[in-house]
Amino acid sequence: MVSKRLSREDPRHFLDMQIYLMVTAADNFALDFYFYQFLTNRYQPSFVEMHFKLCDMLQPGNIFGSSMLVALGDQRCPYPPGIYDLRNMTIPFVPKNFPFTKGRIYCNISFTEGGVTRVIIRGSIDLELKTWHKISKITRNVSAPTRN
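For the sequence shown, this note's numbering assigns the number 1 to the initial residue and increments by one for each residue that follows.
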């Protein structure tokens, strides 16, 4: 997994991942996202959580799934075993009323097989939301008024 910026002018960070699936992935995979807010120099649990089955998450309009769908070339569930290169993923939108600007997202990915569910991946990523305004430079020639 790699995080990068495509240019200095673009403030967004993009994520690249290479995934090697050893089993078919569909709704036998679940993703749980827990958002922690950075307060008083530590990460504290917030009320924001998201829970998805894999196929439900990978839908247009989903805050995480939209970018993954583009990286997957709009391939749909189920995903057969193999190598998947997910490039230039970013979160396309953040709700304007999101409750905090600095925090951490913890993610658990679980797999269900034969009626038994177990967490197979745990990870986290830090976030900082900033308002970005593109400012265009406006130049105009100002000349002294002429007298008649």
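For every residue, glycine included, the Cβ atom is placed at its ideal position computed from N, Cα and C.
None of the values given here were measured: they were computed from a predicted structure.
Measuring only the C-alpha atoms, how far is Tyr129 from Lys102? On the sequence shown, residue 129 is found 129 positions in, with the first residue counted as 1. On the sequence shown, residue 102 is found 102 positions in, with the first residue counted as 1. Correcting the residue identity first, residue 129 is Leu in this sequence and not Tyr. Computed Cα separation, rounded: 6 Å.
Rounded to the nearest angstrom, what separates Gln37 and Cys107 at their Cα positions? Here residue 37 refers to the residue found at position 37 when the sequence shown is read from its first residue. Here residue 107 refers to the residue found at position 107 when the sequence shown is read from its first residue. Using only the alpha carbons, I get a separation of about 15 Å.
Touching by the beta-carbon criterion (3+ pairs, under 8 Å), the segment 53 to 70 and the segment 116 to 124: no
Assigned secondary structure, Leu15 (DSSP; H/G/I helix, E/B strand, else coil): Locating residue 15 in the sequence shown gives position 15, where the first residue counts as 1. Looking at Leu15 - three-state DSSP - the assignment turns out to be strand.
Quick check: the Cα distance between Asn41 and Cys77, rounded to an integer number of angstroms? The count along the sequence shown starts at 1 and reaches residue 41 at position 41. The count along the sequence shown starts at 1 and reaches residue 77 at position 77. Computed Cα separation, rounded: 41 Å.
Same chain, Cβ closer than 8 Å to Ser46, neighbours up to 5 away in sequence not counted: In the sequence shown, residue 46 corresponds to position 46, counting from 1. Excluding residues within five positions, the ones whose Cβ falls inside 8 Å are Phe35, Tyr36, Gln37, Pro99, Phe100 and Gly103.
Could you please give the first and the last residue of the uninterrupted beta strand (DSSP E) stretch that includes Cys107? Numbered from 1 along the sequence shown, position 107 holds the residue referred to as residue 107. It spans Lys102 to Glu113 - the beta strand (DSSP E) in which Cys107 sits, taken as one unbroken run.
Compute the distance between the beta-carbons of Met17 and Leu86, then report whether it is under 8 Å. The sequence position of residue 17 within the sequence shown is 17, counting from 1. The sequence position of residue 86 within the sequence shown is 86, counting from 1. Going by C-beta atoms, Met17 is nearer than 8 Å to Leu86.
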